[in-house]
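Here my numbering is used: the first residue of the sequence shown is 12, the next is one more, and so on. No residue lacks a Cβ here, since even glycine has one placed at the ideal position from N, Cα and C.
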Amino acid sequence: MNQYSNEHARSYYAASANGMAPYPTLAADLEADVCVIGGGFTGVNTAIELAQRGLSVILLEGRRIGWGASGRNGGQLIRGIGHDVSGFARHVGEEGVRYLERAGVESVALVGNRIREHGIDCDLRWGFCELANTKAQFAAFKAEQQGLAESGYAHETRLVGPEQIRQQVVNSGVYAGGLVDMGSGHLHPLNLVLGEALLAQSLGVQIFEQSPVLELIHGSTVQVRCAGGTVRAGSLVLACNAHLEELEPKLSGKVLPAGSYIIATEPLAPDVAAQLIPQNLALCDQKVGLDYYRLSADRRLLFGGACHYSGRDPADIEAYMRPHMIKVFPQLANVRIDYQWGGKIGISANRFPQVGRLSQHPNVFYAQGYSGHGLNVTHWCAKLLGEAIHVGHSQGFDVFSAVPHMTFPGGPMLRSPLLALGMFWYRLRELLG
Numbered sequence: 012m013n014q015y016s017n018e019h020a021r022s023y024y025a026a027s028a029n030g031m032a033p034y035p036t037l038a039a040d041l042e043a044d045v046c047v048i049g050g051g052f053t054g055v056n057t058a059i060e061l062a063q064r065g066l067s068v069i070l071l072e073g074r075r076i077g078w079g080a081s082g083r084n085g086g087q088l089i090r091g092i093g094h095d096v097s098g099f100a101r102h103v104g105e106e107g108v109r110y111l112e113r114a115g116v117e118s119v120a121l122v123g124n125r126i127r128e129h130g131i132d133c134d135l136r137w138g139f140c141e142l143a144n145t146k147a148q149f150a151a152f153k154a155e156q157q158g159l160a161e162s163g164y165a166h167e168t169r170l171v172g173p174e175q176i177r178q179q180v181v182n183s184g185v186y187a188g189g190l191v192d193m194g195s196g197h198l199h200p201l202n203l204v205l206g207e208a209l210l211a212q213s214l215g216v217q218i219f220e221q222s223p224v225l226e227l228i229h230g231s232t233v234q235v236r237c238a239g240g241t242v243r244a245g246s247l248v249l250a251c252n253a254h255l256e257e258l259e260p261k262l263s264g265k266v267l268p269a270g271s272y273i274i275a276t277e278p279l280a281p282d283v284a285a286q287l288i289p290q291n292l293a294l295c296d297q298k299v300g301l302d303y304y305r306l307s308a309d310r311r312l313l314f315g316g317a318c319h320y321s322g323r324d325p326a327d328i329e330a331y332m333r334p335h336m337i338k339v340f341p342q343l344a345n346v347r348i349d350y351q352w353g354g355k356i357g358i359s360a361n362r363f364p365q366v367g368r369l370s371q372h373p374n375v376f377y378a379q380g381y382s383g384h385g386l387n388v389t390h391w392c393a394k395l396l397g398e399a400i401h402v403g404h405s406q407g408f409d410v411f412s413a414v415p416h417m418t419f420p421g422g423p424m425l426r427s428p429l430l431a432l433g434m435f436w437y438r439l440r441e442l443l444g
């Protein structure tokens, strides 16, 4: 199965999309204040932020809106930037750390508000549970809950011990407890980005699909050349994440494309679904090669994980992922799998999103490397890009860009094998306790 044709992957999301009428292909020379390359969450929401500030925007997508990770991911809208941000205090200071902690919470609210204010139909449901695989992880959840309370976190959280977790959260015998967070949740990511693209278009953004960029000519006016025409703009946004590749090789080298995979079952009977995940929460465990899963609006189990750093996708995603699902839910041994798909997420070496502008071309901005926390953080980074481009300065942009962008060791040829070897070592340690 070809996951990387010019059309959407044959996923559950594509099959249940609210409408995927194509946008035109660029077929003329055009001008705008800003050109955005990339039609995922980062690009579409940056276009929204800029258009709301009165700038003219052209968005170019090489394939389809939501073709990449934005339209393929697990749909988990979870607080946090994706890393213990206290470790970046030497770069951003204590006030910067507090800002990053707030951003991890406020970014979720930003997504929820956009959905509500603009009536985007994407099956948003609140509720998420972090699952502990060990007693030590469950003990750490207690400290996490206390920290949330001390920070003034406005949403309900509750610890669920090993005695209650099967009845209250997930009907599986593999977990040592969990931390429920009602301020996080889950949704249909492709329908979200498709709805946001319609919002961007309604604000005057010109969107072009099937318009891969062939060449960038830098200067005070950036020229973005496609097969059918050239866009000239005062500023450029690179929102390509794991698919930037040779368009900007030095920046692309800061992000490792890693594979993640999902299977979707047949629709489960209402009583089976209710027994499986009683409160319809999104769930994610703490393993190195984590499992993440949830129920869809039509009661399918969407089960994902098995992050691959080797650069090679499994030949049969269902055969690869089903044993992971059965280990958690042996009661689903005979369930039919209706959909299987995968995609590339952008991993940064320090697991922190990379936001900034090119030093040699200060009118070229970028955001990438969300490392699995893209659903909320893309929207926040789009807000920062909109602020920085509009007025030339943004406190949040400055905080994010102050964190160094680390380069993976080994260069383009060896970075994936070296990281895969390192992850194998951590998984071996995990198995050996």
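Where residue i falls, given that 16 or more other Cβ within 10 Å makes a residue buried
i	result
L447	This structure leaves residue 447 out entirely; the chain is present only between 12 and 444.
L225	exposed
R368	buried
T57	buried
P260	exposed
D40	exposed
V402	exposed
E112	buried
P415	exposed
Q175	exposed
A326	exposed
A150	exposed
Q449	The requested residue 449 does not occur in the structure, where the chain is confined to residues 12 to 444.
K146	exposed
R305	buried
G407	buried
Y437	Confidence in Y437 is poor, its pLDDT being 40 and thus under 50, which makes the residue's placement unreliable; the coordinate value appears in the next sentence. So Y437 counts as exposed.
A284	buried
G316	buried
A32	exposed
A160	exposed
Given residue i as reference, the closest of the options once Cα atoms are compared
i	options	result
P341	S370, L287, E161 and A360	L287
K298	Y186, Q212 and G86	Y186
H254	Y304, E398 and P268	P268
G86	G54, V122 and L247	V122
V216	D296, L66 and S359	L66
N144	R362, G115 and D302	D302
I328	Q179, F408 and Y272	Y272
A26	Y15, I69 and G82	G82
R333	A211, P289, A284 and I274	I274
M417	F363, E42 and A32	F363
R125	V68, I69 and A211	A211
A38	I69, C133 and Y15	I69
G383	R347, V103, S183 and C318	C318
A43	G163, Q148 and I218	I218
Whole-angstrom C-beta distance between residue j and residue i, which should lie under 8 Å
i	j	result
G357	Y331	Incorrect: roughly 22 Å between the Cβ atoms, too far for contact.
E220	T36	7 Å
V339	V47	The pair is not a contact, with the Cβ atoms about 39 Å apart (cut-off 8 Å).
I59	L214	6 Å
G397	L61	5 Å
V410	P289	At roughly 40 Å, the Cβ-Cβ gap does not stay under 8 Å, so V410 and P289 are not in contact.
T168	A393	Not confirmed; about 27 Å, so no contact.
CB of residue i within 9 Å of CB of residue j, strictly
i	j	result
W391	E106	no
L71	S222	yes
V375	H229	yes
E141	G206	no
N252	G385	yes
G50	W137	no
Y377	A250	yes
F139	V171	no
Y34	P200	no
S246	V45	yes
I92	L203	no
V242	H372	no
S359	V266	yes
G264	R323	no
R90	V108	no
N387	L88	yes
L294	L258	no
Handout entry: At least three beta-carbon pairs within less than 8 Å, the segment 337-353 to the segment 56-76
Key = no
Problem - the segment 88-99 touching the segment 225-239, judged by at least three CB pairs closer than 8 Å - result: no
Problem - Contact between the segment 274-285 and the segment 330-348 (3+ Cβ pairs under 8 Å) - result: yes
Problem - Three-pair Cβ contact test at 8 Å for the segment 136-155 versus the segment 309-319 - result: no
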